[in-house]
Structure formats: structure tokens, C-alpha cells
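Residue numbers (our numbering): 2 to 905.
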Amino acid sequence: MAEKHVYYYGPEGTDGDAGMKNLLGGKGANLAEMARLGLPVPAGFTITTEVCTHFMKAGGKYPKGIREQVADALKKTEQAMGMKYGDPDNPLLVSARSGARQSMPGMMETVLNVGLCSTTIPGLVKKTKNERFVYDAYRRLITMYSDVVMEKSEGIEPEEGKGIRQQLEKLMDKMKKAKGCKADTDLTADDLKTLCEQYKAKVKEVLGREFPDDPEEQLWGGIGAVFKSWNGKRAVSYRRIEGIPDEWGTAVNVQSMVFGNMGENSATGVAFTRNPATGENKFYGEWLVDAQGEDVVAGIRTPNPLNDDTKSQQNKHLPSLQETRPKLYAELDGIRTKLETHYRDMQDIEFTIQEGKLWMLQCRSGKRTGTAALNMAMDMLAEGLIDEPTAVTRVAPAQLDELLHPIVDPKAEKKVKPFVSGLPAGPGGAQGKIVFTSDDAVARAKKGEKVILVREETNPEDVEGMRAACGILTARGGMTSHAALVARGWGKCCIVGAGAIKIDLAARTMSVDGKTFAEGDVITLNGTKGVAYEGSLAMMDATENPRFQTFMKLVDKQRTLGVRTNADTPEDAKLAREFGAEGIGLFRTEHMFYGAGSEQALFVLRKMIHAGSDEERNAAIDELAPFVKRDIKATLEAMDGLPVTVRLLDPPLHEFVPQAEAARAELAKALGITIEEVKDRGADLHEVNPMMGHRGVRLGITYPYLTEMQIRAIFEAAAELKKEGRAPHPEIMVPVTCSVAELDFVKPIFDRVKEEVEKQSGVTVECLYGTMIEIPRACLTADKMAKTAQFFSFGTNDLTQMGFGFSRDDIGGFLQDYVDKDILEADPFQTIDQEGIGQLVEMAVQKGRATRPELKIGICGEQGGDPASVEFCFKAGLNYVSCSPYRVPIARLAAAQAAIAAKK
Ligand code: PEP
Ligand code: MG
């Protein structure tokens, strides 16, 4: 039997189901599932994602047998709907829509009303007795088809504003002006008829081809264009951002058209089974009378509220479906319940009412804010809809980030009036400089500027700029417009539908009630309320949702991997403890020489660096000891009862050489030498390749007394704390090692100092002796390293640097090229390269534990807070990950989700 490429769905004989997302895409799989549930789904069929992959590889050719399969499925569709495609008397019209495995809202193409042509128009007019409707549908088809099939899918890239769609829209505006009409709906059937002729002439003029008048040609043109849109610019950008593989491909859904634009008794809408912004268990949606679905998502008209719960400042004057069509509302509400109990998750649905009959066009798991994800997970758990592990998987680790994100300080807000208000589409606060185009947003963000992207309407073409901006503000659009969906998915602050804004794109200005703002002016957005302020307002941390703590308890119940923090100050240590850190995985001692309050310690360190003899150096080291002890003690105290891995001094000494003349003079005076000599001694420390130079353990090999002082400071600090009744748990870690011989060199110092301090203080101090693993040779010889080391901590910043040979300080110059050209999937300094560096990690774990089965192993490179890397660390058998304080909850959640996934 030929391979199956086409899956039918309808009232009877549906082929697919919700479990077939990879093959049918999310939309196709869920249409099939809804049909199986007996919901009113217009019949149709799905052409698989495999066909897309084939189509791309074979340069636009379809696999064998597909035409017959499409013809069969179309026949079944015709039977189910009681109409016939291309029939002059009773014509069926269809749509061709994309649908990938993972939803990519608005990133690919759709063609509606396919099948309308000179032979079918009269039949449809006769049948519907609505000439105006038919010509309105026809002009929409011409617009979409010429834009999607004849222009975009042919790779034509017109200048900004010169696309066929815009040119046709201009004709429409001209006609409206000539007829004195305000809205599209004011145009008569005759007007639209004339307009369609003008449209077709324009298409011929601009694109050099006739608009096709054959239903078969239209159908295959639509299907091919949707497949091609998988490789369209914005789909590719979106995939890069979301990490969706290129080879997935999209399915094409061909579905019988139902019409929300057949007059007052017809409508279309989008809804969420719960509020996607807050998570509240309330039916939430928007709808428009006498409109097609694209009108709601494109944000051209301000949609009506679905019900009382959806009323806002912007739409409360518009009638709701609940008020005006209570029966249909009740039916829809029943479907809402059915879908939620079936899917056990919040669904995002699209519906159409055609002359009083309700049709379901789509359902999918709805995108939601972090707050909503948390609230829904906890509510559904309480409702018995889901169990604890499922609740834990319902919040994405990155969404927690959003929960901990800053908001506009309400006190600051009280003092000023917003200059504009709109719909609260994406929560939190944001402030930055105004930009008016996606390109400008990207360019400024590259320079490190914070920008707010201000646009007329919500356009998915802006996806790169939306990503680069810290906030988005648009003049038009509703809560379910594409930009709102995308922003919400990213947890980005976003306000849409701020109608008072008038944008002059050419002048790069916007005006609101007579006040003009220029590009670069700073504004502040409150995306939770949907208001914007002039200038920059004070921001603060979001007050913690009380449910956050409960949720994190559930998380910890599932988690087996430990989570520590990288912290160098007592403040950071305390913050991390509040976020649930179970210790410090990396205390970088050298940080005590940076920042506020470090002047004195830094001065002594400089004396040490510039010493002219061992004597002078050792004297400076002794002088440094109290500072080191003080800082370590403070952090050990803040982490009382929990382990603190203190790393011996790591960075190259030349980083601390004074550059300012005054500092040099002061140092010269203290050392009794000339400023010139200070300069010379500093210059002697210069290295061509400092990252691979005199750093880490190498300093301790050259200057063992420096190591001894640090180890003594750690033991003394711990002994003092113990005497004060505290429970310090220091661990001493040697950095940048490549040979066990280095560890063996330092170990006797560790043992001797431990004994001396214990003797002096009269208290025993338990302390592990371990090493960082950050040089490939250390991984290769990990069995030997583990003979002396009691623990390993992967320094994946350096391990990535030395494994790839990419300088961690210079990769910024070419990383983007590597990602754009598909050489790297992601920045390996942010997310661990599992294929290469991951192997080094796995090898070191296996070799290390072969020598010392109880070897404690963690990671303290930046990747320790990245969810994918956390999952990798879990699988590799690490005991803990360590990351910056704000990422601790994210790492906890990622670790719990890894454990849950492993059980499945
Ligand atoms: C590392 O190399 O991963 C590490 C944590 O050390 P540092 O970043 O201080 O070199
Ligand atoms: Mg390092």
C-alpha cells in the first residue's frame, strides 16, 4: 500500500488523533481529536509534515500518490459537508492553513476561501442569496492568494509598502473614500464587484500573472504556498528564537470553509478556557460579528468581549456573546468544559458562527504568562484535574524567571498619569527608548540599549524586533492578536490596542493627544495594567505570589539533583538561600577585590603583586590574610549549616595592576619605589594569553605561601564560627588544574594548615578538598585526579573555552555568524554543548567515580542555571548544579522536570 500522506477528519471516519502531533502538526492532530470528541468541526484533511520535508528536499515536488489521496479525502469532505469543490451550483470552499508540531502563531501562511472563481461565484450567490458576502469573500481570496501564493511563496521581496497586499488595500481605501464609506462593511455588493475586478487587474500589473480562475490550480497553489512558508523569513526567525528544528516541517490543513462574515447572524472568535494572563478559572475571549477569523487575530477591529468576565476598559461598551446570543454562548461554554476535562489543560480555541450555527476551528494548549501557568497548575491540581508531577511540568523554567521579574513600583505610578492606555497583553514592567521598526529595535539592542518597540499594529513580521525589545506597545490589536500571543509566550511586557497613539513612521515620531514623542525618548510600560508613562519610573521586584512557595515545595518533592548558588558576598548568599539554594557551589575569592568597599584589600593585593622579593611578597600576603578571613567568614555565616565551596584565587594577577596615576603613586610610596618601577613591575606581569597563563593553581605552585594563607583563612574563619556556635561547612577547591600532581602539591599544605588551626583553636573543622574540572586534560585524567580530589566541580566556562578553543571573551564577535549559519545551534557558553563538551563531562564523571565511588560532583559554570544543561547534568549523574541566585528557582524546577521525565 502507498504511504499515507493525507489524514481525513470529519463527523465520521477520522484518521488521526491528538497523539499524532509530529506527523499532523498541532492543529491537524487537535482537529482530528475534536472531531473524535463529536465536536462540530468542519470536515477536512491534513497533509503530513513528512510531505513538507519531502517537498523541501525535492525542490517543490510532492511524493507519489498524494494527488489521489487528496482527491479521496476531498471527496469525503464534500460528502460530510453536502457540497462539492468546484461545483457551479453548490460549491464547497476550503482553507489551506499551516500547522507545525509546536505552535508558531502567525509565523506561517494561510489562504482562505479557496475555490471561488468565475464558475462557482454565481452558484454561491444563488445559494447564499447574498451577493455582497460572496464578493467580499472573493476580494479576500484575491488579497490573500496574491500575497501568499503569488508573491511571498515565489520569493518576491517588494520594497516596504509596495507589497501586493498593500497595493490592493490602497485600492480598497480609494473605493471607500470615493463612496464616502467609513468601514469595509459599508461597501455594497456592486462596489465589491468592481473592486474585485480592480484587484485582479492590479495583480496582473504588479505580478505579471493572471489571478488563477481554476479551483484545482487554486487548491494546489494554496497547499504549496503553505508548505513553502515553513521557510519564510519570519518562520525561520521564530524557529531560531524558539529552538525549533528546521527539519520538523509543517503540515497543511485543508478544511471546509465556514463563514463568520455572512451577516449579523454570523460571527467569529478566539477564546481561552481560562484567563491566559492571570490564570483565573474564567472563560476568556473575544469575538466579532460579521467577520472572518483573520479580523480578530490581525487586530484590525477592536473585538467584543466574549462575556462579563472578559470586559475591560477598552471593550466594556461592546456587547458580549453571553448577552446577545446566550444559547450559543452556553453551547460554547459546554465545549469549553468538555475540552478542559479531556485535555486536562487550558485550551486556546477558535470558533465561527455561521448563520447561527457554531463551528470549532481549532484548539490547542494555550500560551500563558508565568503567573497564569503557576496559578493554573495549582488550581488544576486542587480541582483534581492533574497530579503533582504534572503540575510541576506545567510551568516552564523560563516562566519562573518572569515571576521573579521587576514590575513598575506602584508608589512611583501613583505620582504620575499615564500618557496612554491599552490592553494588558504581556505582564510586568519595562522601560526603554522608543523605536518604531523591528530593525531599529534589533540594532539598538545590539548596542546594549533597552528599547520599547512601538508599532501601529501587531505584525508577526516584527518577531526579531519584538524579541530584541524589552517591551512592546501597539496602537491596534486585541488580547488574542498574534503579537500578544507571542509576547505572552516569551513573558515579555506588552501593551496592545493603545488606540490614542498616532505613529508617523517616516518621521519616527508618535503623538498622543497632541504630545509628540521621538525615537529615543524613554517611556515606561506597565504590561500588567496596560498603561504607559513618559520617562523612566522606579521599578521593583514582583511581590511574590504566595502560591510560588507552595509550588516550589511540590518541585522539591520531585527533585533529586541538588541546587547550589554561585555567590561571593553574604548578600548574594542570603538572597540565594531565600530562593532555595542548598549551599554555595562557587565562592570566587578574587571578587573581594572588586567593587565597593574593596579598596583596602585591593591595595594590599597590589603590594603583593608588585613585591620585589619573596620577603616583601610574604609580608604583603600576611597583611592580606585578615581581609580574606573576614570575607570568607561573613559568607560562611550567611550560609550557616550549608556547604560553601571556596575557590582559591583564580584570575591572572595582572588584572589587578593599577592603571591610574594616583593609585600607582600611592603604591610606589608604600613600597618605597618609584612610579616607573611600579609601572615596570606591572608590565612584567603582562601575558599574551592570560586565560591560559599564570592563573588558578599555577599561582599557588609559584607562590605556595599565597595558597597557605588562603587555606588558613578558611580554616580559621570556620574554627571561629564553630566556637561561636555556628555550623560552617567549607570546602576548598583548587581551580584550573590539569594534573593530579598539582593537587598533590597543594594537598600537604591543606593537611598541615588544617592540623595547625585545629590544634590552635581546639576545634575540628571538617572540610573537603576538591578541584575544578575545567581543562580537557583534567577530564581525560579524572581517574587520577579523583585519587586526591574528594569532589569535582565542572567549570564549564573554561571547559567550553578550552574544549572548543573559543575564547570566552572574544566569541561575541563571531558567535552570531555561527548560529545564523547553522554551525552552532546555540551559544555553548550559555547552554552546554552536550555532543562535545558533554562527552568530556560524562567521561570525567565515569572515570572519577571509578576511582572514588562517593566522589561528589557539581557544575559551577554559567550553564548550571540553564534548564537544558540542568537536565543534562541530571542525566550525567551529577550531585548538584550551581548558578546565580536568581536562577536558583529555575534550576530547581528544571531539575524536578528532568527527574519526572526520567521516570516516564
Ligand atoms: C568556569 O570556568 O566555569 C568557572 C566557573 O570559573 P570562572 O568563570 O571563574 O573561570
Ligand atoms: Mg574557570
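From the three backbone atoms N, C-alpha and C, an ideal C-beta is built for every residue, glycine too. Because the structure is a prediction, the values reported are computed rather than measured.
Query, Result
"For E356, name the three-state secondary structure that DSSP assigns.", "coil"
"Give a yes or no on contact between the segment 347-359 and the segment 261-271, applying the rule of three or more CB pairs nearer than 8 Å.", "yes"
"State the Cα-Cα distance for the pair E478 and R302, rounded to the nearest angstrom.", "The sequence shown places Gly at residue 478, rather than the Glu named in the question. Rounded to whole angstroms, G478 to R302 spans 7 Å at the Cα level."
"Is the beta carbon of N690 within less than 7 Å of some heavy atom of ligand 2?", "no"
"Is the segment 114-124 in contact with the segment 212-227, if contact means three or more CB pairs nearer than 8 Å?", "yes"
"Using only CA atoms, which one of K418, P428, F805 lies nearest to P407?", "P428"
"Please specify which runs of the alpha helix (DSSP H), each continuous and at least 4 residues long, are wholly inside the segment 357-395, giving them in chain order.", "371-383, 389-394"
"Checking the sheet assignment: what are the DSSP bridge partners for D349?", "F273, R365"
"When the Cα atoms are used, what is the spatial distance from K177 to K163?", "20 Å"
"Hey, how far is the Cα of M640 from the Cα of T590?", "16 Å"
"Measure from the alpha carbon of E863 to the alpha carbon of each residue in I453, V846, C874, then state which is nearest.", "C874"
"Compute the Euclidean distance between the alpha carbons of Q898 and R560, then round it to the nearest angstrom.", "8 Å"
"By how many angstroms is the C-alpha of E152 removed from the C-alpha of Q167?", "12 Å"
"Threshold first: 4 residues or longer. Then list the alpha helix (DSSP H) segments lying entirely within the segment 85-141, N to C.", "122-129"
"For T111, which residues of its own chain have a beta-carbon under 8 Å away from its beta-carbon, when the five flanking residues on both sides are left out?", "S96, A97, R98, S99, M145, V149, V227, E295"
"What residues in its chain sit with their C-beta under 6 Å from that of A783, if we drop five residues either side in the sequence?", "A845, K848, G849"
"Could you check whether the segment 884-895 touches the segment 563-578, counting it as contact only if at least three pairs of C-beta atoms, one from each stretch, sit closer than 8 Å?", "yes"
"Does the Cβ of D573 lie closer than 7 Å to at least one heavy atom of ligand 2?", "no"
"Taking 7 Å as the cut-off, is the CB of E775 close to at least one heavy atom of ligand 2?", "yes"
"Distance check for T325 and W288, CA to CA, integer angstroms please.", "12 Å"
"Under three-state DSSP, which class holds N308?", "coil"
"Would you mind reading off the limits of the alpha helix (DSSP H) that contains L672?", "662-672"
"Roughly how many angstroms lie between the CA atoms of A519 and F437, to the nearest whole one?", "9 Å"
"Work out the CA separation of P106 and K368 for me, nearest whole Å.", "10 Å"
"Pick helix, strand or coil for T544, following the three-state DSSP scheme.", "Bear in mind that the predicted position of T544 carries a pLDDT of just 45, short of 50, making it unreliable; the figure below should be weighed with that in mind. The answer is coil: DSSP assigns T544 none of H, G, I, E or B."
"Would you say L188 and C182 are within 8 Å of each other, going by their C-beta atoms?", "yes"
"Can you pull the DSSP bridge partners for D505?", "T510"
"If C768 sits next to K755, beta carbons under 8 Å apart, how far is it from one beta carbon to the other, in whole angstroms?", "7 Å"
"Measure from the alpha carbon of L401 to the alpha carbon of each residue in L424, C495, Q550, then state which is nearest.", "Q550"
"Below 8 Å on the Cβ atoms is my guess for G225 versus R102; work out the distance and round it to an integer in Å.", "Not a contact, Cβ separation roughly 20 Å."
"Quick check: the Cα distance between K317 and G280, rounded to an integer number of angstroms?", "21 Å"
"Specify which residues have a beta carbon nearer than 6 Å to any heavy atom of ligand 1, listing them in chain order.", "L587, R589, D651, E775, G796, T797, N798, D799, C861, G862"
"Could you pull out every residue in the same chain whose Cβ sits closer than 6 Å to the Cβ of A442, ignoring the five residues on either side in sequence?", "V436, V452, L454, G466, A469, A470"
"For a test of your reading of the model: does the CB of E886 fall under 7 Å from any non-hydrogen atom of ligand 2? Yes or no.", "Rather than Glu, the amino acid found at residue 886 in this sequence is Pro. Not under cutoff, so the answer is no."
"Is K516 helix, strand or coil when you go by DSSP?", "strand"
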